[in-house]
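Chemist:
In my numbering, the protein residues as written are 1 to 302.
Set out below in structure tokens:
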């Protein structure tokens, strides 16, 4: 019924995840895990390879560092994907995706659609987030978080992961959401509660892949599935631009990127940002000796 696909880098987490799935899924399944510790392939390549070997019609791409708290969740995923108009199901996502680089969550939290438990390095206790304005069983979104993505084989045969573009471990979820969203609805289900034991990492590799993905889809972005006003979209574009500039400064990215997003914040989004980054940008431009290319070929670390 369901083929669960995992790109594994931690044998202990995988063993716990296997036990968790067996205790909660409630329907026939197989779990296909690729040990990515030695070869260290990009996650898009791994997902494509393992999906081609899957026996069942529903493909469920999941991170191994999660705990599923819902019993019988497999039937709910199966029911949602029995609707041929739905192409991708997740447990977290957003109803707006800016044209500017950023994660799915780089928008106002009111635009999230999720019921999830998230661990953060700087938080002692995990954070429970429940954003469900319509008190619905599921919600249509613009993009889905890669921690859990379920689709059908017929959809996957049309849209596989872009392993030619993405060689690391970032950007694949936004890219895949964009691909599937061209012809299908993307939905977040509230019938599956997942606890994610780690947070996403925003580093040089993330910056590289995010720039690639947003360049690829620049003619299709922004995505606005909830009829935001121009003013609301502009504010969320500011949040994305602020995020990308902060990451670029922290990791001393190419100075062209730093200047591009600094001037964008200063001249087109000044009412939100004012001169917040001016000191950091000036310091970087004057004292940094790095001259990194706009895009790196780094694949990341398994």
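Quick reminder that beta carbons are idealized off the backbone N, C-alpha and C, glycines included.
Return helix, strand or coil for residue 53, following the three-state DSSP convention.
Modeler: coil
Chemist: Answer yes or no: do residue 101 and residue 208 have a C-beta to C-beta separation smaller than 8 Å?
Modeler: Between residue 101 and residue 208, the gap from beta carbon to beta carbon reaches 8 Å or more.
Chemist: With distances taken Cα to Cα, identify the nearest neighbour of residue 205 among 22, 252, 262 and 29.
Modeler: 252
Chemist: Three-state secondary structure (DSSP) at residue 29?
Modeler: Strand at residue 29.
Chemist: First and last residue of the alpha helix (DSSP H) that includes residue 158?
Modeler: 153-158
Chemist: On the three-pair Cβ rule with 8 Å, is the segment 157-173 touching the segment 74-83?
Modeler: no
Chemist: Rounded to the nearest angstrom, what separates residue 15 and residue 248 at their Cα positions?
Modeler: Pairing residue 15 with residue 248, the inter-Cα distance amounts to about 36 Å.
Chemist: Below 8 Å, can you find three or more Cβ-Cβ pairs linking the segment 121-131 to the segment 258-276?
Modeler: no
Chemist: Rounded to whole angstroms, how far is the Cβ of residue 174 from the Cβ of residue 131, which I believe are closer than 8 Å?
Modeler: So it is not a contact: roughly 19 Å between Cβ atoms.
Chemist: Using the DSSP secondary-structure output, state which residues sit across from residue 149 in a beta bridge.
Modeler: 61 and 90
Chemist: Quick check on the DSSP output: what are the complete alpha helix (DSSP H) runs of length 4 or more inside the segment 200-273, in order along the chain?
Modeler: 204-216, 230-250, 255-268 and 270-273
Chemist: If you draw a straight line from the alpha carbon of residue 31 to that of residue 108, how long is it in whole angstroms?
Modeler: 35 Å
Chemist: Just to confirm the assignment, what range does the beta strand (DSSP E) spanning residue 141 have?
Modeler: 138-141
Chemist: Within a Cβ cutoff of 7 Å, which residues of the same chain sit near residue 35, ignoring the five residues on either side of it in sequence?
Modeler: 8
Chemist: For the 8 Å Cβ check, are there 3 or more pairs between the segment 14-28 and the segment 65-74?
Modeler: yes
Chemist: Along the beta strand (DSSP E) that carries residue 127, what are the first and last residues, could you check?
Modeler: 127-131
Chemist: Report the rounded CA-to-CA distance for residue 165 versus residue 22, giving the unit in angstroms.
Modeler: 34 Å
Chemist: Between residue 141 and the rest of its own chain, which residues show a CB-CB distance below 7 Å, the 5 nearest in sequence each way excluded?
Modeler: 93, 94, 95, 113, 186, 187, 188 and 225
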